[in-house]
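Engineer: In terms of this note's numbering, the sequence shown is residues 265 to 464. Beta carbons: idealized from backbone N, C-alpha and C, even for Gly.
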Amino acid sequence: MELVTTPRVRFLRSLADEILHNYGRGRTVVAIDGPVRSGKTEFGDDLAAVFTERGHPVFRASLEHFHRSREEQAAFGPETAERYYGYGFDYSLLRRVLLEPFRLAGSTGFVTQAFDPTRDTRIIPKWITGPPDATLIVDGRFANRPELRSLWNWSAFLDVEPTDEADILYAVKEHPRRFATAVIDNTERSRPRRLFLDSC
């Protein structure tokens, strides 16, 4: 179904066309990075809708569904921005049940949700499969940290001013804008725009 053309949809179509031009065959993983309240999930959902409009199979996941439980996080010390940044998410689980099996393609199943952060509990896994040519769009905080950035074929960083201490720590420590394929000003969500940074 064709989407209603708006400035936002037109912008997302340009990103989808770029990704499909470079990674249209096989399994591709796209990350949408950004601080709290930057619109990551909505951006990922809307980008996925454009992939569907293009007739390309797409799957969605969020790092929110790969949190560690509050009890597991507490084992790493008192609640601080540093603890949350360092130990808030279970990246081993993310690789094991989602990213690695997704890339294997074929009949290998993968899980897009493993944890319910609202209820602070694990989710009974639902294993799904997909066609050989498909894109997985993953949104989440800290997606361009060192141990994750090599896992994405393409990534966007939503360049919205961080207000949460963990997001500020991440921005200062890792400089995620440097590692994203596309840096996007999503302050005005109806009219996102791409930023081209001076690399000098």
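Quick check: residue 222 and residue 276, are their CB atoms within less than 8 Å of each other?
Structural biologist: Nothing can be reported for residue 222: it is not among the residues displayed for the chain, which extend from 265 to 464.
Engineer: Just checking my contact of residue 298 with residue 453 at CB under 8 Å: how many whole Å lie between their CB atoms?
Structural biologist: Actually they do not touch by this definition, with Cβ atoms about 12 Å apart.
Engineer: Contact check, residue 426 vs residue 432 under 8 Å by CB: the rounded distance?
Structural biologist: Going by Cβ atoms, the distance from residue 426 to residue 432 rounds to 5 Å, so yes, they are a contact pair.
Engineer: Does the structure place the region 318-325 close enough to the region 392-399 that three or more beta carbon pairs sit under 8 Å?
Structural biologist: Touching, yes.
Engineer: Keeping to the same chain, check which residues put their C-beta closer than 8 Å to that of residue 367; ignore five residues upstream and five downstream.
Structural biologist: The residues are 291 and 293.
Engineer: Would you call residue 326 buried or exposed, if buried means 16 or more other Cβ atoms sit within 10 Å of its Cβ?
Structural biologist: Label assigned to residue 326: buried.
Engineer: Alpha carbon to alpha carbon, how far is residue 423 from residue 449? Give it in angstroms, no decimals.
Structural biologist: Looking at the two C-alpha atoms, the distance is approximately 5 Å.
Engineer: What distance in whole Å lies between the Cβ atoms of residue 295 and residue 416, which are believed to be in contact at a cut-off of 8 Å?
Structural biologist: The pair is a contact, with the Cβ atoms about 4 Å apart (cut-off 8 Å).
Engineer: Which of helix, strand or coil does DSSP assign to residue 305?
Structural biologist: DSSP places residue 305 in helix when its eight states are reduced to three.
Engineer: Using 8 Å as the cut-off, can you tell me whether the region 330-348 makes contact with the region 370-384, which would need three or more C-beta pairs spanning the two stretches below that distance?
Structural biologist: The answer is yes - the region 370-384 touches the region 330-348, with three or more Cβ pairs under 8 Å.
Engineer: Grab me the residues of residue 355's own chain with a C-beta within less than 7 Å of its C-beta, minus the 5 sequence neighbours each way, in chain order.
Structural biologist: Excluding residues within five positions, the ones whose Cβ falls inside 7 Å are 411 and 412.
Engineer: Going by Cα to Cα distance, which pick from 344, 378 and 388 is closest to residue 429?
Structural biologist: Ranking the options by Cα distance to residue 429, first place goes to 344.
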